[in-house]
Every structure is written in structure tokens, then in C-alpha cells.
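Colleague: I have a structure I would like to understand better, so I am pasting it below and will then ask my questions one at a time.
Number of protein chains: 2
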Amino acid sequence: MQSAKTERHIEAVNRQVDLHDPHGKHRVVIIGGGFGGLYAAKSLRRSDVDLTVVDRRNFHLFQPLLYQVATGGLSPGEISSPLRAVLRRQKNARVLLAEVTDVDLENRRVILVDGEVPYDSLIVATGATHDYFGNPQWEVDAPGLKTVEDALEIRKRIYVAFEAAEREPDPEKKAAWLTFVVVGGGPTGVELAGAIGEIAHYTLKHDFRTIDPGLARIILVEGMDRVLGTYDRSLSEKAKRSLERLGVEVRLNAFVTNVVSDGVTVTRDHTGTFVPARTILWGAGVKASPLGRILAEETGAETDKAGRVKVAPDLTIPGHDNIFVIGDLASFGHQGDQPLPGVAPVAMSMGRYVANRIDDRLRGKKSKPFRYFEKGSLATIGRSAAIAQFGRIKISGWFAWVTWLFVHLMYLVEFDNRLLVLMQWAWNYITRNRGARLITGKTGRLVE
Amino acid sequence: MQSAKTERHIEAVNRQVDLHDPHGKHRVVIIGGGFGGLYAAKSLRRSDVDLTVVDRRNFHLFQPLLYQVATGGLSPGEISSPLRAVLRRQKNARVLLAEVTDVDLENRRVILVDGEVPYDSLIVATGATHDYFGNPQWEVDAPGLKTVEDALEIRKRIYVAFEAAEREPDPEKKAAWLTFVVVGGGPTGVELAGAIGEIAHYTLKHDFRTIDPGLARIILVEGMDRVLGTYDRSLSEKAKRSLERLGVEVRLNAFVTNVVSDGVTVTRDHTGTFVPARTILWGAGVKASPLGRILAEETGAETDKAGRVKVAPDLTIPGHDNIFVIGDLASFGHQGDQPLPGVAPVAMSMGRYVANRIDDRLRGKKSKPFRYFEKGSLATIGRSAAIAQFGRIKISGWFAWVTWLFVHLMYLVEFDNRLLVLMQWAWNYITRNRGARLITGKTGRLVE
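Those protein sequences? They're chains A and B, same order as listed. End of the first sequence sits at 1032 in our numbering; the numbers just go up one at a time, nothing left out. End of the second sequence sits at 1032 in our numbering; the numbers just go up one at a time, nothing left out.
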């Protein structure tokens, strides 16, 4: 039985305009609301297009600060902006919360789990994730850091480990709870290892009664002969020393060759050593999102060994000039060069480029090929420690850290008034506290 | 194979002092780190006792603001404080992250899932939860608001509903997605309904393209003839008008007699009406935590109909003068009076009382029976709307809201520098934004 009020409500809802009609405008569909997709969308704000941003999440995630969530320094809400809020005032844009399964090239439709969206131009920006080098079963015991859920899982494991150590009477088991292995010496691995070092030595210093968190062992395993391998060798060395000051053991030229729930096998010079450890975090490898491979198969495009789509100089898929691939999903390199790294500034730059390219086409203008102007690279190791490289200028230490903080907050502020994040940060810095170190989850139990 | 380094690490860990030895001091065990338990712990800071706080969560939750998390205004980390951080400097206290299953009265031990803790005095403060009046199966479709996980689930449902409505072509189904039913006109129900009203009319105003969120129907169902029944009748009337200004339909003398996944049956004057609704939130009933019933069975104590333990004038279980029950788990009333309400000020007051009582006993001093000095009650309806009652003084509207804000922040600040919360709030107030409106969960899918 429905009341008259219910019926009036339904009628009122029904009178709403349905924008599924494209108004005859050029339809641009962007898959993915990360840095690439979102900057493409924003750069199209004055263009005469009908724009749809499809994402399976309802928020843009400020990925470079995700390790802060994973270590209890910031809350997920502080490094995310609802996609609808970001694009609220952009009249030519709509946001669709949906999961993309395929692209129908012939009929120019993006296929969703529960529907489809027609396009004239398509921008694919679905990113990449970490890779377990053919051992996907390791993920259970060694989670990677890509989503908010990953970050909360890692946060839980780190803090549960100290809690379990506090209660464990057996000294060997206690030691395993107090051993943290981080796999991969790239930015994510370095940030995580550095943050755990801070947690052990400062944040939790006075928190326990039967353990000294400062006795925690943090081991960073890297296959190359240095950490942060995309930086200058002198900076890698400085980063390593900063990590060691935070109590991190850096093992270079070493590989994790097996992962089980209570430890890892670290192999160096063909000799494997089992390291008992209850917390193993994965920060290695790059694997393009599955849509890359699907697109490559359908278009005949090449992919690199990480599954990234090799794009033309204008970031289109060769032979498909209305399909752009940008960000971490794209493999873009001038002949013989290394492909551009999967970092936010590259994705943002690509997003702006394809927006302008589409706009130029609609106006009948020519565009130049994409070119990335190196803006410099920054990586942080921990409190007051970072390295930065701007062309020939190399800086490290406190000044690099402040630069890192400033650059990140500047971009974060663009989305919302994230000055509050700065203040939270300042507070954490002064007090060495991490107020967001909640152990949460389905049951909320200590060890599930 | 273990390296020499691993062995040294284990030895170092092993050398840590084990505080399981009670040093011969009077052992106080507090079960539960809510307002009651935490204030008891803090009030024992100068006492010559060996104190253990047992909680299955590693944080104290500022429950009165949990509805802000459920509606995307604040993040969980912003209304929680790690228990260890709160008690860090209190040398006589330790925190145990564990789940209590039973109390062994004869041997004075608290039984954990994985261990036990001996006590001389026991303070039980495990609180209460909502009650489905004999229909526990409704919880799946009508979640209540008690834990951080509950809040994130509700947040997800509220924002998924608008997303699903945006994509739903069928007008009846669209209307059901845009209908929100809140069961219970107490503080939680009123806060949730008011916040959803704000979200629909302000926060999401410009966010969608095929729906007008302002057309959302929000129905508050209350069995009594007024909302916020513990307040003066004039204030209940004011609260109702405030809710109506936010677009909430208040249905008094009405009961929810069935809950299914796509709607509820609302019964008034023996006539049931089915209201199609995809979001149903439960804010009704009180049920004591299971430990209350276990204790009552073992001690022969009486419980009230909500399962709360009827306590003696000194908050002990009659006949067991070393076991105290405080907070929402206790039913305390002078002869013939209504038992004290389950609110934070009562729990805090009880916590302080039992701490002093234990301290007095150890010093051989006598204590007076517990007396609660009414501090006044406050309830908020939404932006700029609240009611407050201090004895005969009754206030409502903006001034009551500012009072409410001030009182809550004052208590929140006690735990940590939560001025940041105030700033986040001020920002939300000015912009009407709710930046923490993330849809998160295991898969992160729109509808699982």
C-alpha cells in the first residue's frame, strides 16, 4: 500500500531532467578520477563538450599521502575529496559511480557492469597497482598500498603487531611480532619503513609496559644496489642514511623469494635466509590496471612488461585517434628513453594535454605532441628527512622535507581547504603523536 | 635458519620487564575504555594501585559525535583517542587489548578469550547497544550506530543511496533510493535525521545531474507522542519544528513493525503502511552488553528490562563490594525514580566516584553513596539547531547549538588537541561541505 505522499514524492522525483541525452555535443568520457582523469576533466571546464567522469569510487584520493593513513598520521577523509564536490560547479561535467568492464570500440560505448556510456572521445586513466611478480598468493600476508582499504588494513597490522607483542609471553614469537619487513625500496617502501621507524622510536615510546617499541626491527628489502633508484646516487645514499637513523635495516641487492604468514625468505647472492616477521608490507612492482590489457587486445596496441599501453606522441592508442591513455596506465617514452615514471605530476600534465588536444580538435586547431617538462622529484623518508632533485639541483634533509611538505600541501589545497591537514601535520610533528592509529575492521578483534 | 641479528633481537626483547607481577599492590581491573572506564582510570592516577584497563578496541571513542562520522562530517580518527596515548603517562596503569568473556568471582579473575587477569577490585563499564525489540534480523537492513564500523556502514548507505538514485531509470525505484527512514526519536535518531536533511538540502545541492537531492524524503518514526522524550515538552516541540524545517517528516505515536531490504512497515493506530525505502537506520532501544547478564547470573544481581545491572548506592553489585558496575551498563535509581540516563556525563561521574571509593577504602576512609548532580542535557538537531535544559532553564535554537558545540568540544579537547576538530567543523559550517563522505568498504563497489 502506498500513501498519496509516496506517490507525490515519486512524481516529483520523476520530473527531474534526465541528462542521458547528449544534447548533440561532443561526448568525452573519462575513466578514472585519479590525478590524470581529474586534471583532464578540470581542464575541459570551458570546452563545449558533454563530459562524463566514470569511477568506481566516489572520491579522488591524494595517493602521495596514503602512507600517512597507513601509519595512523592522517584520516582517509583528510586526503580525499568527493569527486562530485570537485566537479560540482562544472556544468558540462557529470560523475558516474560505476565499474567499467570493457570498451566497445565499434559502437563507441564504455561498457559498465550495469549499463553503458556512449563516447566520441575516450580518456582512459585507470592507473596501476603493485605487482607480486607472479606470486599473487603473497598478497594475503604482504598487503600493498594502493587504496584506502589497503591503508586501513596496513594501519591495523602495524598497530596490532605492537599490541600482540605486548601480550605474547614467548620471546621468539614476541620478536616476530616486533619485526617489520617492507619489500621494495621505491618511494612507497621508503615512506612506510621510515614511518614505522618513527612510530617505534617516538610515537609509541611510552605506550607499552612489557615491551620497548624501540626494539622493533624494521627491514627494508631492495633488489637494486640502492634505494630510490630513480634519483641521483648521492641522494639514494643520503636516504639510506636517514632510514638507518630511524632504525631501519636496509638490505640492498636482496630479494624476497618467499612470503608466509610468519615470515619472509630474503635471498642475497643465491643464499636464502628466513626472517621471522608477522608484519610484511609490499611496496614493489608495477602492474597496469586490467583495462589496459583489454584495450590493448582490442586495439592491437603494444604494452610494456608491466602491462602499460604504449601510446602515440599525442597520447592516443596508435590507430585510434579518439582514445587517449594517460597517467600510470600509459607507457610514454621518446625513442629509446625510459618511459615516464608513474607519478602524479606526469599524470596531471598528461590530463591537461589531452583536454587541450580534444579542445583543439573541436576548434579545428593543430596540437603539438605531448612533452613532459620535468618538474623535479621529491621523496620523503620521515620526520624532517627527504630528498629532492630538480634537474641538477639536489637537496636533502630538513630543507628538502619542508619543500616536500609545501609541494604536497599546495596540490592538496587545490581540492578543498586542506589547510586543516597542514595543522594536523604540524600538531603531529610537534607532539610526535599519531591520533588516527585506530585498529578497525569488520570485527574489531585484535587478531582475526 | 635464524641470523645472529635475529637472536640478538630476541634476547633484547626478552630482557624487557614483564609487569604481570602485581608488585603486591591492590589490583584494579577496569573492563571498557568508554567514558565510565576511562574516567575511573584517570581518577585513579594518584592512587597506590596496580591498574589494568581492558578493552577490545585500542581507542576511546567520543560517542556523542559518532553521528558526524556516519554522515561524513568528521573522520573516525578525529573523534577517537588511542587508549594507550591517553594513559601513556599514568605509570600505575596498563592497557590490555583483549576480549573479556567471563568473570571468575571465586578466584577473582577476569577471563579473556586468550588469557586471564587477576583483580582485587573490578570495575565493569562495557556499556550498552541499541535493541531491535526481539527482531535481531532487522539489523542487516537497518543498522544501528554504536561503533566506528557502524558509522562507516551508515555513511556508505546514505551516500550510495544518492548515487544509486542518480543512476536508476525507474521512477519508483529512484524514489525508494531517495527515501530515508530513521527509527527512534531519541538523540541518535534526531541527530541522524537532521544531518540527512542537511546533506539533502545543502551538502549535495549541486552535486547531481539527474536527481535533485532536495527531493529526498526523510521520515523519523517515534513511538511516543514527541521526540526527545526526556526533555521538557516545549523543547520537544521546538526540536520537531527544527526537524521539519530540514525537510524531515516526523511521525509520532508510530511504530516500525517490519523491516525488509526495500522498505519498512510503519504502524499507527493499528494500521500498517508500507513505506518503500532503501536506507533504514536504527536509533531505538537500549540493550546492555552481554557481560551484564553474565555478571547478574553469577552474582544473583537483578537486571532491568534492558539487561542493565541494578547496582547498590555505592555502584557495587549487591553482596559483592569489590565489583562495581558503571555507565550505560548500570541501572541506578533512588527508590521509585527513573534510572539515570545512559549518557556520557553520568558515566564520567560514576567513573570518578568508584575511583574515589576504591581510594577511600585503601586509606580506610568512608565514602558517601553515589549521587549524580544533574549537569543539564543537550541535544542537537542540525546546523544551528539544538535544545538544552539545565534544571529550569530551557534554551533552543542557535544559542543552544553553540552551547552544545562548546560543551562537546571542551570534553573532546581533554583527550588531545581537538581544536582541529573545531576548525574542521567551522569549515563544514561555512561551506556546508562534508569532506569525509567517502564510500569505503571491502570491495568499494557501489552496491555489493
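Even glycine gets a Cβ: it sits at the ideal position worked out from N, Cα and C. Since the structure is predicted, the reported quantities are computational estimates derived from the model, not experimental observations.
If we count the other Cβ atoms within 10 Å of its Cβ and call it buried at 16 or more, is B:Asn-1012 buried or exposed?
Modeller: Classification for B:Asn-1012: buried.
Colleague: According to a CB-to-CB cut-off of less than 8 Å, which residues of the stretch 646–674 of chain B neighbour chain A?
Modeller: Taking 8 Å as the Cβ-Cβ cut-off against chain A, the residues of the stretch 646–674 of chain B that qualify are Gly-656, Leu-658, Ser-659, Pro-660, Gly-661, Glu-662, Ser-664, Ser-665, Pro-666, Arg-668, Ala-669, Arg-672, Arg-673.
Colleague: With C-beta atoms as the reference, is B:Trp-985 less than 8 Å away from B:Ala-963?
Modeller: For B:Trp-985 and B:Ala-963, no; Cβs fall outside 8 Å.
Colleague: Mind checking who A:Phe-764 pairs with in its DSSP beta bridge?
Modeller: Answer is A:Ile-802, A:Thr-863, bridged to A:Phe-764.
Colleague: What is the DSSP secondary structure of B:His-790, counted as helix, strand or coil?
Modeller: The answer is coil: DSSP assigns B:His-790 none of H, G, I, E or B.
Colleague: So B:Arg-668 is in the alpha helix (DSSP H); what residue range does that whole segment cover?
Modeller: Note, B:Arg-668: alpha helix (DSSP H), 667–670.
Colleague: Tell me the DSSP secondary structure of B:Leu-635 in three-state form.
Modeller: DSSP places B:Leu-635 in strand when its eight states are reduced to three.
Colleague: Of all the residues that make up the stretch 834–865 of chain A, which are near chain B by a beta-carbon distance shorter than 9 Å?
Modeller: Against chain B - using a Cβ distance shorter than 9 Å - the residues of the stretch 834–865 of chain A are Gly-856, Thr-857, Phe-858, Val-859, Pro-860.
Colleague: So which residues of chain B does A:Ala-1020 contact, with C-beta pairs closer than 7 Å?
Modeller: Correct list: Gly-661.
Colleague: Go ahead and pull the three-state DSSP assignment for A:Pro-702.
Modeller: Here A:Pro-702 sits in strand by DSSP.
Colleague: Quick one, which of B:Leu-879, B:Pro-660, B:Lys-589, B:Ile-942 has its alpha-carbon nearest A:Gly-1019's?
Modeller: Comparing Cα-Cα distances from A:Gly-1019 to each of B:Leu-879, B:Pro-660, B:Lys-589, B:Ile-942, the minimum goes to B:Pro-660.
Colleague: B:Leu-776 lies in the alpha helix (DSSP H); which residues open and close that run?
Modeller: Note, B:Leu-776: alpha helix (DSSP H), 771–782.
Colleague: Using a cut-off of 9 Å between C-beta atoms, extract the partners of B:Phe-974 located in chain A.
Modeller: Within chain A, no residue comes near B:Phe-974; the closest Cβ sits about 32 Å away, beyond 9 Å.
Colleague: Who are the neighbours of B:Asn-642 on chain A, taking C-beta pairs under 8 Å?
Modeller: Chain A residues near B:Asn-642: Tyr-743, Glu-747, Arg-1021, Leu-1022, Ile-1023.
Colleague: Taking B:Arg-801 as the query, report the chain C residues whose CB atoms sit under 7 Å from its CB, ordered along the chain.
Modeller: No chain C is part of this structure, whose protein chains are labelled A and B.
Colleague: Keeping to the same chain, check which residues put their C-beta closer than 7 Å to that of B:Pro-902; ignore five residues upstream and five downstream.
Modeller: Ala-885, Ala-896.
Colleague: Using 8 Å as the threshold, is the C-beta distance between A:Phe-764 and A:Thr-841 below it?
Modeller: It is not a contact, given that the beta carbons lie outside the stated cut-off.
Colleague: Can you look up A:Val-938 in the DSSP assignment and give me helix, strand or coil?
Modeller: Reduced to three states, the DSSP call for A:Val-938 is helix.
Colleague: In whole angstroms, give me the CA-to-CA distance for B:Leu-628 and B:Ile-707.
Modeller: Cα to Cα, the separation comes out at about 12 Å.
Colleague: For A:His-547, return the contacting residues in chain B, with the cut-off set at a CB-CB distance below 9 Å.
Modeller: Any answer about residue 547 of chain A is impossible in this case: the structure gives chain A only from 585 up to 1032.
Colleague: I need the boundaries of the beta strand (DSSP E) containing A:Gly-841, first residue and last residue.
Modeller: It is Thr, not Gly, that sits at residue 841 of chain A in the sequence shown. It spans 839–844 - the beta strand (DSSP E) in which A:Thr-841 sits, taken as one unbroken run.
Colleague: Under 8 Å, with one C-beta from each stretch per pair, do the stretch 792–811 of chain B and the stretch 755–772 of chain B reach the 3-pair mark?
Modeller: The stretch 792–811 of chain B vs the stretch 755–772 of chain B: in contact.
Colleague: Which whole-angstrom value is the C-beta distance of B:Asp-888 and B:Pro-925, which I expect to be below 8 Å?
Modeller: Actually they do not touch by this definition, with Cβ atoms about 13 Å apart.
Colleague: In chain A, which residues lie less than 7 Å from B:His-714 when you measure between Cβ atoms?
Modeller: The contacting residues do not exist; B:His-714 stays about 17 Å from chain A at best.
Colleague: Hey, how far is the Cα of B:Val-1005 from the Cα of A:Lys-978?
Modeller: Cα-Cα distance, rounded: 38 Å.
Colleague: What number of angstroms, rounded off, separates the C-alpha of A:Gly-1025 from the C-alpha of B:Asn-642?
Modeller: Near 12 Å, if we compare the C-alpha coordinates of B:Asn-642 and A:Gly-1025.
Colleague: Is it buried or exposed for A:Lys-822, if we count other Cβ within 10 angstroms and need 16 for buried?
Modeller: Per the 10 Å Cβ criterion, buried.
Colleague: Skipping 5 residues on each side, what residues in its chain have a beta carbon closer than 6 Å to that of A:Ala-868?
Modeller: Val-767, Gly-768, listed in sequence order.
Colleague: Check the Cβ of A:His-790 against every Cβ in chain B and list those closer than 8 Å, keeping chain order.
Modeller: Within chain B, the residues near A:His-790 are Arg-672, Arg-673.
Colleague: Tell whether a beta-carbon distance below 8 Å holds between B:Asp-704 and B:Val-843.
Modeller: It is not a contact, given that the beta carbons lie outside the stated cut-off.
Colleague: For a contact meaning CB atoms closer than 7 Å, what does A:Thr-900 contact in chain B?
Modeller: By Cβ distance, chain B contributes nothing, its closest Cβ being about 28 Å from A:Thr-900, past 7 Å.
Colleague: Is the beta carbon of A:Arg-673 closer than 8 Å to that of B:His-785?
Modeller: Not a contact, by the Cβ cut-off of 8 Å.
Colleague: Which partner residues of B:Arg-693 appear in the DSSP bridge assignment?
Modeller: Answer is B:Asp-688, B:Pro-702.
Colleague: Step through the CB atoms of chain B and report whether any lies within less than 8 Å of the CB of A:Thr-590.
Modeller: Taking Cβ atoms only, chain B reaches closer than 8 Å to A:Thr-590, which makes this a yes.
Colleague: Given this structure, state the Cα-to-Cα distance separating B:Ile-965 from B:Pro-648, to the nearest angstrom.
Modeller: Approximately 13 Å, taken between the alpha carbons.
Colleague: Return the first residue and the last residue of the alpha helix (DSSP H) that B:Thr-883 is part of.
Modeller: Its alpha helix (DSSP H) spans residues 874–883.
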